[in-house]
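Student: For what it's worth, the numbering used here labels the leading residue of the sequence shown as 26, then goes sequentially. We treat Cβ as the ideally placed atom computed from N, Cα and C, and that holds for glycine. As the structure is a prediction and not an experimental result, all values here were calculated from the model.
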Amino acid sequence: MDPTIQKDVTEACQQYFEVFLPDLKGKLLVPGLRSLSCALGVAVNDMEHGCWTLSIVSGRLERVLAGVEEAESVFNLDRATLLEVVTGVLAPDTAFFDMRIEIEGDVALGLQLSTVLEPFFQQYPFHKNS
């Protein structure tokens, strides 16, 4: 990958976790899913310092933390796949079955989240510099 494009993709991933998601704190992520409480980790394996945990309580994003130490289930993926998923281009469950996302920890929770999060990404698609 061209170094300029690589830097741009890395910055977009950081912006997603450090700016975009924190703006959604307190919002119901998926209508009708108030029972969801978990700590979901995301590890971007081709990015230095590319690990975050999303703390979800009663279906609402409570906080975004650096690292995956507190995560019950961790999605491992690369930057390109992350951006395709968060922009709504690629469904998380499709990415998993295409082996572009690996799940560590509670695999059953990760599979459940991969299908549940698709409506979230459709409702809140990420646009770089949004």
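1) Go through the segment 66-145 residue by residue and report every complete run of the beta strand (DSSP E) that reaches 3 residues or more, in order.
2) Residue 196 by DSSP, collapsed to three states: which one?
3) Is the beta carbon of residue 81 closer than 9 Å to that of residue 73?
4) Does the separation of the CB atoms of residue 66 and residue 45 fall below 9 Å?
5) So, do the segment 35-54 and the segment 140-152 have three or more beta carbon pairs nearer to each other than 8 Å?
6) CB residue 120 to CB residue 132, shorter than 9 Å?
Tutor: The structure says:
1) 76-82, 85-91, 98-102 and 127-130
2) This structure does not reach residue 196, given that the chain is present from 26 up to 155, and the question cannot be answered.
3) Start at 1 with the first residue of the sequence shown, and residue 73 comes out as number 48. Start at 1 with the first residue of the sequence shown, and residue 81 comes out as number 56. Cβ distance not < 9 Å, so residue 73 and residue 81 don't count as in contact.
4) Within the sequence shown, the letter at position 41 stands for residue 66. Within the sequence shown, the letter at position 20 stands for residue 45. For residue 66 and residue 45, no; Cβs fall outside 9 Å.
5) yes
6) Residue 120 sits at position 95 when you count from the first residue of the sequence shown. Residue 132 sits at position 107 when you count from the first residue of the sequence shown. No, Cβ-Cβ distance for residue 120 and residue 132 is not below 9 Å.
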